Structures are given as structure tokens and as C-alpha cells.
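Protein chains in written order, with our numbering: chain V, 1069 to 1379; chain C, 188 to 436.
Below: one structure, written as C-alpha cells.
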Amino acid sequence: MSTLVLVEHEDGEIRPATFSVIAAAAKIGGDVDLLVAGSDASGVAQKAAAIAGVNKVMLADNAAYAHELAENLSALVVKHAGGYSHILFAATAAGKNVMPRVAALLDVSGISDIIEVKSEDTFVRPIYAGNALATVKSSDAVKVVGVRTTAFDAVAEEGGSASVETVDAGDISDKVSFVGQELSQSDRPELTSADIVVSGGRGMQSGENFSMLDDIAGKLNAAVGASRAAVDAGFVPNEYQVGQTGKVVAPDLYLAVGISGAIQHLAGMKDSKVIVAINKDEEAPIFQVADYGLVADLFDALPELSAALDS
Amino acid sequence: MKIIVGVKRVLDYNVKARVKADKSGIELANVKMSMNPFDEIAVEEALRIKEAGNADEVIAVSIGSSQSQETIRTALAMGADRGILIETDELLEPLAIAKLFKHLVEKEEPGLVVLGKQAIDDDANQTGQMLSALTGMSQATFASKVEFDGDHLKVTREVDAGLESIKVAMPAIVTADLRLNEPRYAKLPNIMKAKKKPLEVIAVADTGVDVSSGLSVVEVNEPPKREAGVIVKSVAELVDKLRNEAKVI
């Protein structure tokens, strides 16, 4: 039994999600090998080789891997999939894009977004926006799996001494090309790995008012998130969205401000350790999951909270 | 050019899913079912592409029980030209669904297949990617904007850090994200007209597609419940609790 993990990286750094996927691989047992695909990625491969518990790192260095295009990554993974019993991906936008292709090319069912490894062939995954947990068993020869990263504690970035082996690129598609990207700039910690998340909903009323949340997030070293309603209303860009169809977070503290608590939002944050809700509607469903609730107008409460955090 | 658009009948998004007592699945008897919200967006996009003159025909396809005909009728009422139901009473995995779509792609030869990025029941987010892998058609997932550029599509995609755009050759598969568009409501005269539009029903067995799956559901459980918390009276009390009781700040 052995597991192959596709490493996600950008700007020469391994993304935090990958360390959680390796933790899931360790729970399955057997050797854990990593595949690094990138343009000029030997530095990333060296970092990957230093991760605790890694057996071997395969490096495919090719300009075609610069932008995580699914066609190229899936062909590469399938080319080097021989002999592996499990192939794991992070359930990130990039991982979700590639994982099902790999499964289909290997003619097996993909298993999305697992939150628990019961055994080498049995996994638990949320369905219906997290309102039910399905235990699924795979009899496929290769288990192709997406891992919900918030459900597994990251492995140590250091302590390993795996070998790095250069491998051939897979087929490169001429049907797809990268055009450009618009990334939002933020000094805040990354949403899915932050210890504290401060989120705003429709109650924030405008994008400008999110500066009140930025202020509090700055004092708590927190990331800023948002409900779908706030994103759809154009208050903040879509990468802030926490929920079934946005990002899933499980921080130590989740502060929901002006968020009613729709099913779709709860799916993205209800595994947070402590949930705090500030809402003027005492009937809002968010209070049913909040550890601490404050029924108040957020425009009064946020400045007070900001001042209280200074003291 | 033809467009195939996939529509799935799912538990309505406003209804809270209840786990069956025997843990075999979710209670779906006598609960409101609707078109998967992402599929409504897919239908709307297909219609807009046709209205802009970039397509001649929109075919709404569903795979599921005979009641999925209602979901296809909804797509026809929105403006799709005809429907195809591949009928099965089994709950199929995305791989089987992708293989059935491939069967239709080979038959209908569409220039574009538009699907939702995920169904809100199984939350798999797999079918579009699998169909692309099986057919060799280009893949553009989580789309928030689709633009035609000759025989290519320029697609803006929602990724974790923001937006990215890619250019893909046609024929292509696009999976719709929430912000792609605002789906229209079907008007009553269109609902009446939709009843007369052609809807072909094909049995899974007649497609010759192998829909067996290596994946089985052992059981379905309720997630752990969160204990109800306390309501604090002031910001000062809240900060005190977070500092001294929960110790999270």
C-alpha cells in the first residue's frame, strides 16, 4: 500500500493545504510519495523532501505546469500513478479541478472532500451542505480522494529527508492556455488556515463598512471572510466567501457579524472551535450554533469591540 | 452549434436534510425537490449564449428517476428547446453520470456542455471534470464569465485566491459558479409552452453504458450537534468571555 500526494505550491512555497493532505495520507498508512509539478520547481521539491514522513518526491519540471491547468496535471498524475493504492489531492479549487479527471482517466469513482479516514478503503465525507455525514467504502483498485484540509492537522514541515527524483512530463494539452489572473491583495492571514476568522454578511450594508472588520481582524491577527449574501451584493470579492460553495474554515474563533446563518454558510464554518455571533435579530439561526451571542446593532458593537481589544 | 445543459433534481436548497432512521440515506419522500441551483445558472448561461447568436439549440438533459422530467420541463420553460431524460431509479456516482453524458455527447455532438459546478446534495464537484477527461473536450470549471473568441472560449474562473482566466478550444465543457449570472424565472405562458416541447426518455439499459460503481455508502449519519451557547449582554462581557473563559484571544 502506498499513497501519492499532489503538492500544491505557489511562489516557491508549498501551500498549507498540502501539509494537511499528507496528514490524511499518513492516517491511511504505507509509504507517502509526493509529486511536485511546476515551472522551475526544484526548490519546492527540496522543501517537499524535508517534510516529516515523506518517502520520495517526484519532480516534473516543465513550463506547462506553471498555472495548474487540469488537463496537464491530470495527465502527469496518471502517468506516474502506477503502483499506488491511493492518490490524494487537497479539496482546494486547484485540487477539485484535477482530482475528478484523474479518477475518470483511471476509471474509478472519485471521493470528494473526506473529513475522516476510517480505514484504507473507508472514508467519511459531508453531504447536503454538511447536514449529513456519509461513510463510503471503495472497492476500486486505486482510491482517488480529495481531502478537506481543515479536518486534518498539518504534518511538520521539517524532519524528513526524502530523495528527489526527476520524472518525465505527461502529455501537454494544446487546447488550453492560461490568460491571466486577478488576485486580491491582503496582509491578513490566509482564510482557510487562520486561527481567527472575522466574517461579515449582508448586515454590513456596504463594502466600505468591511473596514470595521479589517480593523478588528488586524487587532486579532485574523483573516476576514464573508457570507454569500455579502459577496453577491458586491461588498467583497468572491474569495472571501465561507460556505458550502466557498471556502471551508475551522478556526479557533469564528466571529460572524451581520450574518443570519443560512445552511449554505453554516456548512463552511460550523466546525470552528468557538463561534461568536453579533446580530440585531435575536431569531437569526446563527444563534443556534453560536457559543457566544450578542444581540446588538453591529454599527454600535464593532467600534466598542475595537476599543475593547485595545485595552 | 448545439449546447447540452445538465440539470439535476435535488432536495430544495431551503429544506434542511434529515437523515433516515435506518441510516441508509436522506429522507426524500414528501419533501420539496427543485432544480440544483448551479444547474439553473448553467441553463441561463446556455440560453444567453443562444440569444447572443452563438448557438442554435439548447438541449436540457437529466439523469435520474421519472420525476426528473419535471426538472427538464423547468429548463424547457426557461427556454431550452428540447429535453432528454436518461431514466434510472438508482443514485448514480458522478463517474456513471459522466459516462452517460459522454454517450449523449457522441450522439448529439454539441459544441458546448454546460453543467453546474456541483450538486448541493452529494456536493461532489466531479461530473464536469470527469466528462472532460472521458471525451477529451476542453475543461473550464467554476466559471464566472464566459466569452466567445472565434473557435475558443475565454473563461474567467473562481479560484481560491481570486479570479483567473483561461482560453480553451471548442468543443468545451463549462461548469457554472454562482456568480456566472442571475437565472430568469419561467413565465406562465412559457410553462404552458414547455409542456409541448419534445422530451425523449431513454432507459439506462438502452445506452449500453456500464454504470456500476466501486463506491458504496456504508451509512449516513447526523453530524455531531453543537451545544447551544450563551447570550451575552455587552461587548465588554463578550471580550471577557473570549479572553478568560474560551481563551481564544
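Think of the CB as a built atom: it goes at the ideal place given N, C-alpha and C, for glycine as much as any other residue.
Every value quoted in this text rests on a predicted model; they were computed, and no experiment measured them.
Inset, instruction - Using a cut-off of 9 Å between C-beta atoms, extract the partners of C/Arg366 located in chain V. - result: The count along the second sequence starts at 1 and reaches residue 366 of chain C at position 179. By Cβ distance, chain V contributes Val1299, Asp1300 and Asn1306.
Inset, instruction - For C/Thr328, I'd like the list of residues in its chain whose CB is within less than 7 Å of its CB, leaving aside the five on either flank, ordered along the chain. - result: By 1-based counting over the second sequence, the position of residue 328 of chain C is 141. Excluding sequence neighbours, C/Thr328 sits near Lys304, Gly315, Gln316, Arg344 and Thr362.
Legend entry - CB contact below 8 Å: C/Val426 versus chain V: In the second sequence, residue 426 of chain C corresponds to position 239, counting from 1. Yes, C/Val426 lies at the interface with chain V (some Cβ there is under 8 Å from its Cβ).
Inset, instruction - Just the chain V side, please: which residues come within less than 9 Å of C/Asn408 by C-beta, in chain order? - result: Taking the first residue of the second sequence as position 1, residue 408 of chain C is located at position 221. By Cβ distance, chain V contributes Val1192, Ala1200, Leu1201, Ala1202 and Thr1203.
Inset, instruction - On a CA-only basis, which of V/Val1185, V/Ile1183 and V/Tyr1152 is nearest V/Val1170? Give me that one, please. - result: Taking the first residue of the first sequence as position 1, residue 1170 of chain V is located at position 102. Out of V/Val1185, V/Ile1183 and V/Tyr1152, V/Tyr1152 has the C-alpha closest to the C-alpha of V/Val1170.
Legend entry - Spatial distance of C/Val355 from C/Glu231 (CA atoms): Indexing the second sequence from 1 puts residue 355 of chain C at position 168. Indexing the second sequence from 1 puts residue 231 of chain C at position 44. For C/Val355 and C/Glu231, the distance between alpha carbons rounds to 21 Å.
Inset, instruction - Under the assumption that V/Tyr1196 contacts C/Ile284 (Cβ atoms under 8 Å), give the Cβ distance between them as a whole number of angstroms. - result: Indexing the first sequence from 1 puts residue 1196 of chain V at position 128. Indexing the second sequence from 1 puts residue 284 of chain C at position 97. The Cβ separation is near 18 Å, so there is no contact.
Legend entry - Residues, ordered as in the chain, of the region 317-328 of chain C that lie near chain V by beta-carbon distance below 7 Å: Met317, Ser319, Ala320, Leu321, Ser325, Gln326 and Thr328: these are the residues of the region 317-328 of chain C whose beta carbon lies less than 7 Å from some beta carbon of chain V, given in chain order.
Inset, instruction - Would you list the one or two residues that DSSP bridges to C/Ser352? - result: In the second sequence, counting from the first residue as 1, residue 352 of chain C sits at position 165. Paired residues: V/Gly1248 and C/Thr343.
Legend entry - Cutoff 8 Å: V/Ala1352 Cβ touching any chain C Cβ: To locate residue 1352 of chain V, count along the first sequence from 1; it is residue 284. No, because no Cβ of chain C sits closer than 8 Å to the Cβ of V/Ala1352.
Inset, instruction - Determine, using beta carbons only, whether C/Val206 comes closer than 8 Å to chain V. - result: Walking along the second sequence from the start, residue 206 of chain C turns up at place 19. By this cut-off, C/Val206 is an interface position.
Inset, instruction - Counting only runs of 4+ residues fully inside the region 301-336 of chain C, write out the alpha helix (DSSP H) ranges in chain order. - result: As far as the region 301-336 of chain C is concerned, its whole alpha helix (DSSP H) runs of at least 4 residues are 314-322.
Inset, instruction - Identify which residue in C/Asp364, C/Arg269, C/Gly240 and C/Glu227 has its Cα closest to the Cα of C/Ala381. - result: In the second sequence, the residue the question calls residue 381 of chain C occupies position 194. The shortest C-alpha separation from C/Ala381 is found at C/Arg269.
Inset, instruction - Output the distance between the C-alpha atoms of C/Ile236 and C/Ala242, rounded to the nearest integer angstrom. - result: By 1-based counting over the second sequence, the position of residue 236 of chain C is 49. By 1-based counting over the second sequence, the position of residue 242 of chain C is 55. C/Ile236 and C/Ala242: Cα-Cα distance of roughly 6 Å.
Legend entry - Inter-stretch contact (C-beta, 8 Å, three-pair minimum) for the region 1301-1319 of chain V and the region 1329-1343 of chain V: yes
Inset, instruction - Whole angstroms is fine: what's the gap from V/Arg1193's alpha carbon to V/Ile1182's? - result: Indexing the first sequence from 1 puts residue 1193 of chain V at position 125. Indexing the first sequence from 1 puts residue 1182 of chain V at position 114. So the two alpha carbons sit approximately 4 Å from each other.
Inset, instruction - Check the C-beta distance from V/Ala1116 over to V/Val1125 and give it rounded, since I have them as a contact under 8 Å. - result: Your numbering for residue 1116 of chain V matches position 48 in the first sequence. Your numbering for residue 1125 of chain V matches position 57 in the first sequence. Cβ-Cβ separation between V/Ala1116 and V/Val1125: approximately 5 Å, consistent with a contact (criterion under 8 Å).
Inset, instruction - Flag C/Pro385 as yes if its beta-carbon sits less than 8 Å from any beta-carbon of chain V, otherwise no. - result: Reading the second sequence from its first residue, position 198 is the one you call residue 385 of chain C. At a cut-off of 8 Å between C-beta atoms, C/Pro385 does not count as an interface residue with respect to chain V.
Inset, instruction - Using DSSP bridges, identify the partner residues of V/Lys1205. - result: For the purposes of this step, residue 1205 of chain V is taken as residue 137 along the first sequence, with counting starting at 1. Partner(s): V/Thr1190 and C/Ser403.
Inset, instruction - Output, in chain order, the set of chain C residues within a Cβ distance shorter than 9 Å of V/Asp1181. - result: Here residue 1181 of chain V refers to the residue found at position 113 when the first sequence is read from its first residue. Within chain C, the residues near V/Asp1181 are Asp310, Ala311 and Asn312.
Legend entry - Under the three-state DSSP convention, the category C/Glu277 falls into: On the second sequence, position 90 is the one that residue 277 of chain C refers to. Correct three-state label for C/Glu277: coil.
Inset, instruction - Kindly list, in the order they appear in chain C, the residues whose Cβ is closer than 9 Å to that of V/Phe1278. - result: Taking the first residue of the first sequence as position 1, residue 1278 of chain V is located at position 210. Within chain C, no residue has its CB atom less than 9 Å from the CB of V/Phe1278, the nearest being about 16 Å off.
Inset, instruction - Express the C-alpha separation of C/Asn408 and V/Ser1267 in angstroms, rounding to a whole number. - result: As a position in the first sequence, residue 1267 of chain V is number 199, starting the count at 1. As a position in the second sequence, residue 408 of chain C is number 221, starting the count at 1. If you take the alpha carbons of V/Ser1267 and C/Asn408, they lie about 29 Å apart.
Inset, instruction - Starting from V/His1135, trace the alpha helix (DSSP H) both ways and give me its first and last residue. - result: Along the first sequence, one-based indexing puts residue 1135 of chain V at 67. From DSSP, V/His1135 is part of no alpha helix (DSSP H); its letter is neither H nor E.
Legend entry - Interface residues of the region 1167-1181 of chain V facing chain C [CB-CB below 9 Å]: Met1167, Pro1168, Arg1169, Val1170, Ala1171, Ala1172, Leu1173, Asp1175, Val1176, Ser1177, Gly1178, Ile1179, Ser1180 and Asp1181
Inset, instruction - For my contact list, V/Val1146 and V/Phe1157 are in at a C-beta cut-off of 8 Å; report their separation, rounded to the angstrom. - result: The sequence position of residue 1146 of chain V within the first sequence is 78, counting from 1. The sequence position of residue 1157 of chain V within the first sequence is 89, counting from 1. The Cβ separation is near 13 Å, so there is no contact.
Legend entry - Delimiting residues of the alpha helix (DSSP H) encompassing C/Asn377: To locate residue 377 of chain C, count along the second sequence from 1; it is residue 190. That run of the alpha helix (DSSP H) goes Leu375 to Ala381.
Inset, instruction - Check whether the Cβ atoms of V/Leu1127 and V/Ser1110 lie closer than 8 Å to each other. - result: As a first step, residue 1127 of chain V must be located in the first sequence, where it is residue number 59. As a first step, residue 1110 of chain V must be located in the first sequence, where it is residue number 42. Yes; because the gap between Cβ atoms is below 8 Å, this pair is in contact.
Legend entry - C-beta atoms of C/Ala306 and C/Lys203 nearer than 8 Å: Taking the first residue of the second sequence as position 1, residue 306 of chain C is located at position 119. Taking the first residue of the second sequence as position 1, residue 203 of chain C is located at position 16. Not closer than 8 Å, so no.
Inset, instruction - Please compile the residues from chain V whose C-beta is within a distance smaller than 7 Å of the C-beta of C/Ile360. - result: As a working mapping, residue 360 of chain C is identified with position 173 in the second sequence. Those within 7 Å of C/Ile360 in chain V number zero; the least Cβ separation is about 11 Å.
Legend entry - CB contact below 8 Å: C/Ser399 versus chain V: By one-based count along the second sequence, residue 399 of chain C stands at place 212. With 8 Å as the cut-off, C/Ser399 does not count as an interface residue toward chain V.
Inset, instruction - Could you name the residues of the same chain whose beta carbon sits closer than 7 Å to that of C/Ala348, not counting the 5 residues immediately before and after it, in chain order? - result: Reading the second sequence from its first residue, position 161 is the one you call residue 348 of chain C. Around C/Ala348: no qualifying Cβ.
Legend entry - N-terminal and C-terminal residue of the beta strand (DSSP E) that C/Arg196 is part of: Start at 1 with the first residue of the second sequence, and residue 196 of chain C comes out as number 9. Taken as a continuous stretch (DSSP letters only), the beta strand (DSSP E) holding C/Arg196 covers Arg196 to Leu198.
Inset, instruction - Please report how far the alpha carbon of V/Val1232 lies from the alpha carbon of V/Val1223, in whole angstroms. - result: Taking the first residue of the first sequence as 1, we reach residue 1232 of chain V at position 164. Taking the first residue of the first sequence as 1, we reach residue 1223 of chain V at position 155. Between the C-alpha atoms of V/Val1232 and V/Val1223 there is a straight-line separation of about 19 Å.
Legend entry - Residue span of the beta strand (DSSP E) that contains V/Leu1362, given as start and end: Residue 1362 of chain V sits at position 294 when you count from the first residue of the first sequence. Element bounds for V/Leu1362: Tyr1360 to Val1363.
Inset, instruction - State yes or no: is the beta carbon of C/Ile236 nearer than 8 Å to at least one beta carbon in chain V? - result: Here residue 236 of chain C corresponds to residue number 49 of the second sequence, with the count starting at 1. No, its Cβ sits nowhere closer than 8 Å to a Cβ of chain V.
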